[in-house]
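*Asks:* Sharing a structure, written as structure tokens. Questions coming.
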Amino acid sequence: MRERSKRTLAGGAIVAAASLALLLASCAGLSRPGKGAAYRNPGLSADERAADLLSRMTLEEKVGQMAQADRQFLESDEDIARYALGSILSGGGSAPGVNTAEGWADMYDGFQEIALSSRLGIPVIYGIDAVHGNNNVRGATIFPHQIGLGAAGDEDLVERIGRATAIEVAATGIDWNFAPCLAVPRDERWGRTYEGYGEEPGLVSRLGAAAVRGYQGGDLSDGKTILATAKHFIADGGTAGGRDRGDSKLSEEELRGIHLPPYVDSVAAGVGSAMTSYSSVNGAKMHGNGELVQGLLRGELGFSGFVVSDWAGLEELPGEYEDQIAAGINAGIDMVMIPEDYKRFIETTLGLVRSGAIPEARIDEAVSRILKAKFELALFERPFADRSLLSEVGSPEHRKLAREAVSKSVVVLKNGGILPLKADGLKNVLVTGPLADNLGAQCGGWTISWQGENGAVTEGTTILEALRSALGDGVTVYTSLKDAEGVKLDAAVAVIGERPYAEGRGDSRTLALPSSHIETVKNVKAAGIPLVTVLISGRPLIVTEAIDASDAFVAAWLPGTEGAGVADVLLGAVSPSGKLPVSWPRSVEQVPVNVGDAVYDPLFPFGYGLSW
Ligand code: BGC
Ligand code: BGC
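Take the sequence shown: its letters are residues 415 to 1026, numbered as in the numbering used here.
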């Protein structure tokens, strides 16, 4: 988790912040609308209520609604009411002191109570990255990362996972998910490849829209659904060299043919918000790109939800802070994920509106959209967490669904006749490799912390544990060749793969694994034991040596907490149906290689996957 900012404000900023506080305090002198105010009437439409509420707001209150702060940067919780903040988020790992579902619900309710004490009593909308289950919460069900669901290719499954995730999020009170990621990753050197469903636009479109339907359900106000976000608009998966936050150099045809289709389908599915990308399109940063945000997303696609910027994304625009804020808001950003110095943001934005650099009509438009989402979510009627949902966080039913998803996502790339392993013919089995018993690695980034971590990060079943329990007492499981010295091993499973990572820290120039992982595979091979290698990774890797040394080779992606889904395939309980959602390159020099390329000769093509 990030440290609270130690930065000292410059003298001028202190004075500005003080006068801002005074100004906002004077709002308290304004009258508080009575219970009969139109915006409090659930019988009116969200549009009518938003219009009524907007007409009662001061400029300060409006700009406050556009501000989103991370909970860890709140100087005082009371600032939510003092500055009339519209939204709070938890970035990756920004968890309450007691990281249980109940601890989250307590925190959420506390913030909401403060928001309701403000003059107009506008609840905050709380956002989180529940990108593979409610992944910041200890004990939540962790589903496969999106690339695994791309391999499963099953819309109904994705929708059911969306619904289960929505319930696990809603149980903590949280209203809004920064998912699905609609990236179409075209170069697996990109550290965020696993956040996308795959390299083929049609696949991403189908599954992205299914996720939106799952998160938002049929009725946003039913208390079991959450607002979804189409992110990161647009072409985050197309950057040169797969560099995170890089530049996508694209023709109009490529932009529309590869990166736009998922937005068309998610907008049609009614996605409530969209997030702009850190990356650029032909040199122009998306956070200031009015042509694509206002013109394409709103104008052409008819997107009617609200647009949120990415974490400190405006600060990556050229110029001084004032220029960055004006450029972003004028380009069509409605809510700003600040996420740190919200006072400076509010003060600066107020100045920009007063000087005419941002038209007040633009502010009104942005705030109307945010308020409308709050009414649609019924936040005024039901501002607090529904504690009756807490028992569903990490429930057996949700874990069963995750296990199903894992078994459907596994892709068998090679099978020299040894899969499925026949449990009744086995006496001594080796289950080894650096990731055989590593729950954190199975889950990957965006799990409990932003980057994720090796080891026992939360509750779940590792692949070793799953195999042990599925093989039963009749089979002895050894975990290293050394332990098994002198024993005749009937089969071996080696689990190798990537360490957890998120965003740019996962960018790779080599797509290689540490040599110790490859050595594990070679050593088992040298011992002459029939060998299945399982790869845990967020993307295809250049592991041809390991594939060659194995009798069978299986890509399990980042399966999450339910390792039993992998065992289900290896031991034949489920016959494999996963298909590659990305082309598997022969070498890193061959990257980028994508289905539809004029010259196309990958090691395994898009859509490949064996069954029995
Ligand atoms: C990521 C987003 C995420 C946001 C909030 C950013 O760094 O790019 O995908 O939603 O942080 O955690
Ligand atoms: C936050 C993430 C965010 C990232 C952006 C981290 O500190 O936890 O949510 O995406 O910063 O750089």
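Ideal placement from N, C-alpha and C gives every residue a C-beta, glycine not left out.
1. Can Ser938 and Ala960 be called in contact, C-beta distance under 8 Å?
2. Express the C-alpha separation of Gly986 and Gly507 in angstroms, rounding to a whole number.
3. Using a 10 Å radius around the Cβ and a threshold of 16 neighbouring Cβ atoms, would you call Glu811 buried or exposed?
4. When the distance is taken between beta carbons, is Ile588 closer than 8 Å to Ile542?
5. DSSP on Leu985, reduced to helix/strand/coil?
6. When the Cα atoms are used, what is the spatial distance from Gly942 to Gly637?
7. Verify the contact flag: Ala647, CB atom, against every heavy atom of ligand 1, threshold strictly below 7 Å.
8. Who are Glu976's beta bridge partners in DSSP?
9. Can you list every residue whose CB sits closer than 5 Å to some heavy atom of ligand 1, going in chain order?
10. Using only alpha-carbon positions, find the residue among Arg783, Val477 and Ile743 that is nearest to Ala460.
11. With distances taken Cα to Cα, identify the nearest neighbour of Lys828 among Phe1018, Tyr540 and His546.
12. Tell me the rounded alpha-carbon separation between Val512 and Ser490.
13. Run through the stretch 672-721 for me and flag every whole alpha helix (DSSP H) of 4 or more residues, listed as ranges in chain order.
14. Excluding sequence positions up to five away, which residues of its chain have a Cβ less than 8 Å from the Cβ of Gly733?
15. Please go through the same chain and pick out, in chain order, the residues whose beta-carbon is closer than 6 Å to the beta-carbon of Ala519, but skip the five residues on each side of it.
16. With a cut-off of 8 Å on the beta carbons, I'd call Leu840 and Val889 a contact; round off their distance for me.
17. Using a 10 Å radius around the Cβ and a threshold of 16 neighbouring Cβ atoms, would you call Thr876 buried or exposed?
18. Which residues does DSSP pair with Leu844 in a beta bridge?
19. For the beta strand (DSSP E) that contains Tyr540, what are its first and last residues?
20. Report, in whole angstroms, the separation of the C-beta atoms of Ala649 and Ser693, which I expect to be a contact under 8 Å.
21. According to the Cβ coordinates, are Gly656 and Leu664 closer than 8 Å?
22. Going by the beta-carbon positions, is the gap between Val824 and Gly974 smaller than 8 Å?
23. Along the chain, where does the alpha helix (DSSP H) containing Ile772 start, and where does it finish?
24. How far does the beta strand (DSSP E) with Trp518 in it extend, from its first residue to its last?
25. Check each candidate in Arg446, Tyr611 and Gly524 and name the one with the smallest Cα separation from Gly992.
26. What is the DSSP secondary structure of Gln379, reduced to helix, strand or coil?
27. How big is the Cα-Cα spacing for Glu573 and Thr639?
28. Taking DSSP as the reference, what is the three-state secondary structure of Asn550?
*Replies:* Looking at the atomic coordinates:
1. In the sequence shown, residue 938 corresponds to position 524, counting from 1. In the sequence shown, residue 960 corresponds to position 546, counting from 1. At residue 938 the sequence reads Val, which differs from the Ser that was named. Not in contact: Val938 and Ala960 (Cβ atoms no closer than 8 Å).
2. As a position in the sequence shown, residue 507 is number 93, starting the count at 1. As a position in the sequence shown, residue 986 is number 572, starting the count at 1. Gly507 and Gly986: Cα-Cα distance of roughly 37 Å.
3. Mapped onto the sequence shown, residue 811 falls at position 397. By the neighbour-count rule (16 or more Cβ atoms within 10 Å), Glu811 is not buried but exposed.
4. For the purposes of this step, residue 542 is taken as residue 128 along the sequence shown, with counting starting at 1. For the purposes of this step, residue 588 is taken as residue 174 along the sequence shown, with counting starting at 1. Yes, Cβ-Cβ distance for Ile542 and Ile588 is below 8 Å.
5. What you label residue 985 is simply residue 571 of the sequence shown in a count that begins at 1. Coil at Leu985, not helix or strand.
6. On the sequence shown, position 528 is the one that residue 942 refers to. On the sequence shown, position 223 is the one that residue 637 refers to. Their Cα atoms are separated by approximately 57 Å.
7. Your numbering for residue 647 matches position 233 in the sequence shown. With the sequence shown as reference, residue 647 is identified as Phe, and Ala is not the correct amino acid for it. Because no heavy atom of ligand 1 lies under 7 Å away, the Cβ of Phe647 does not count as near it: no.
8. Mapped onto the sequence shown, residue 976 falls at position 562. Answer by DSSP bridge pairing, in chain order: Thr875.
9. Gly505, Asp543, Phe592, Asp724 and Trp725
10. For the purposes of this step, residue 460 is taken as the residue at position 46 of the sequence shown. Checked all of Arg783, Val477 and Ile743; the closest Cα to Ala460 is Arg783.
11. Along the sequence shown, one-based indexing puts residue 828 at 414. If we check each option's Cα against that of Lys828, Phe1018 comes out closest.
12. Counted from its first residue, the sequence shown places residue 512 at position 98. Counted from its first residue, the sequence shown places residue 490 at position 76. Those two C-alpha atoms are separated by around 18 Å.
13. 675-682
14. Walking along the sequence shown from the start, residue 733 turns up at place 319. Same-chain partners within the cutoff: Ala741.
15. Locating residue 519 in the sequence shown gives position 105, counting from the first residue. Leaving aside the five residues that flank Ala519 on each side, the residues in its chain whose CB is nearer than 6 Å to its CB run, in chain order, Thr586, Gly587 and Ala799.
16. What you label residue 840 is simply residue 426 of the sequence shown in a count that begins at 1. What you label residue 889 is simply residue 475 of the sequence shown in a count that begins at 1. Between Val889 and Leu840 the Cβ distance is about 5 Å, and since that is below 8 Å, they are a contact.
17. Locating residue 876 in the sequence shown gives position 462, where the first residue counts as 1. Its Cβ being crowded by 16 or more others within 10 Å, Thr876 is buried.
18. Along the sequence shown, one-based indexing puts residue 844 at 430. Checking the DSSP bridge columns, you'll see Leu844 partnered with Tyr892 and Ala906.
19. Indexing the sequence shown from 1 puts residue 540 at position 126. Where Tyr540 is concerned, the enclosing beta strand (DSSP E) stretches over Ile539 to Ile542.
20. As a position in the sequence shown, residue 649 is number 235, starting the count at 1. As a position in the sequence shown, residue 693 is number 279, starting the count at 1. About 7 Å; that satisfies the 8 Å criterion.
21. Translated into the one-based positions of the sequence shown, residue 656 becomes position 242. Translated into the one-based positions of the sequence shown, residue 664 becomes position 250. Judged by their CB atoms, Gly656 and Leu664 are not nearer to each other than the 8 Å cut-off.
22. By 1-based counting over the sequence shown, the position of residue 824 is 410. By 1-based counting over the sequence shown, the position of residue 974 is 560. No; because the gap between Cβ atoms is not below 8 Å, this pair is not in contact.
23. Taking the sequence shown and counting its residues from 1, the one referred to as residue 772 is at position 358. It is not in any alpha helix (DSSP H) - Ile772 carries neither H nor E in the DSSP assignment.
24. Residue mapping note: residue 518 aligns to position 104 of the sequence shown, counting from 1. Run containing Trp518: none in the beta strand (DSSP E); it sits in the alpha helix (DSSP H), Ala515 to Leu530.
25. The count along the sequence shown starts at 1 and reaches residue 992 at position 578. The shortest C-alpha separation from Gly992 is found at Tyr611.
26. Here the chain has residues from 415 to 1026 only, and residue 379 is not among them.
27. To locate residue 573, count along the sequence shown from 1; it is residue 159. To locate residue 639, count along the sequence shown from 1; it is residue 225. Whole-angstrom Cα-Cα distance: 12 Å.
28. As a working note, residue 550 is residue 136 in the sequence shown. Assigned with DSSP and collapsed to three states, Asn550 falls in coil, not helix or strand.
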